[in-house]
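If you count the sequence shown from 1, you need to add 1 to reach our numbering.
These notes are about the structure you will find just below.
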Amino acid sequence: MSPVTQTSSNASGKRLLAGLAVLLLASVWLLPHSFSLTTLAQHDQSLRSWCRQHVLLAPGLLFIVYTLITAASLPIAALMTMAAGWLFGFWPAFLVISFASTLGASCSFLISRFLLRDFVRRRYSAVLNSVLPAVEQDAAAFLLMLRLAPAFPFFLINLVMGLTPIRLPTFWWASQAGMLPGTAVFVAAGASLPSLKALETQGVTGVLTWQTATAFFLLGCLPIAIRRILRYFQHSPDGPPRHADGT
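Now the structure itself:
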């Protein structure tokens, strides 16, 4: 590829990311109201019927909306995950949410890397400096642990990782694998709901089954277990080597 062609390609990529950033800003204003629990609960039966009638269009719209929600780090992601479980059933919702959440995270990652690098570096320099040694040692394993046992908020992981040397394919698979347990639990919780109206009126604790409550409890224990396991290996004389080259 010639330098001129490469420069043109980079410029096109940045324009695409800039357009995505504008779309995300619009999503911050529009999506929380359009997909609030009250709005969804008012139309839950008609929405469910529509989703069953449009077996390709409905999951496609869910994919787009959920990608925007996670890319913009909107606080309605958990609600939408449960609503998707109720509307589509476990497996369709699980597959769509898993890939959409990973794509959304990757969009934030790319925007940070190519558009907001200087801002993120200034704003989160302390976080960046704290994660760089671990990323340089084993980026995939470190990101996987961050997703399973998040030490930082979801949006911050995406932004800071954009400034590290980690490659996009590695960021994708480690993020998707690390988010699978949480996605499965929230989708299963939604699939077990009697209705979205019941969720609105009774709250989460009023509609969860004991199986789902147990799953939430185990999910909450997962970060503690992972940190203890890591701490054990870090201090154990028989633990794995501390350096990537095995020395």
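Glycine residues also receive a C-beta, built at the ideal position from the N, C-alpha and C atoms.
The three-state reading of DSSP puts residue 56 in coil, since its state is none of H, G, I, E or B. Residue 159 counts as buried, since at least 16 other C-beta atoms from the protein chains shown sit within 10 angstroms of its C-beta. For residue 181, the enclosing alpha helix (DSSP H) begins and ends at 169-192. For residue 91, the uninterrupted alpha helix (DSSP H) run begins and ends at 91-115, by DSSP. Around the beta carbon of residue 218, a 10 Å sphere encloses fewer than 16 other beta carbons of the protein chains shown; the residue is thus reported as exposed.
Assignment of residue 125 by DSSP, reduced to helix, strand and coil, places it in the coil class. Residue range 197-203 is occupied by the alpha helix (DSSP H) that includes residue 200.
Around the beta carbon of residue 108, 16 or more other beta carbons sit within 10 angstroms, so the residue counts as buried. Cβ neighbours of residue 185 within its own chain (closer than 7 Å, five residues either side excluded): 95.
Rounded to the nearest whole angstrom, the C-alpha separation of residue 56 and residue 30 is 28 Å. Taking the Cα positions, residue 82 is about 10 Å away from residue 102. The region 167-181 makes no contact with the region 122-131: fewer than 3 CB pairs, one atom from each, lie closer than 8 Å. Taking 9 Å as the cut-off, the Cβ atoms of residue 86 and residue 181 do not count as close. Residue state for residue 163 is assigned as coil, using DSSP reduced to three classes. Inter-residue distance for residue 118 and residue 15 is about 12 Å (C-alpha atoms, whole angstroms).
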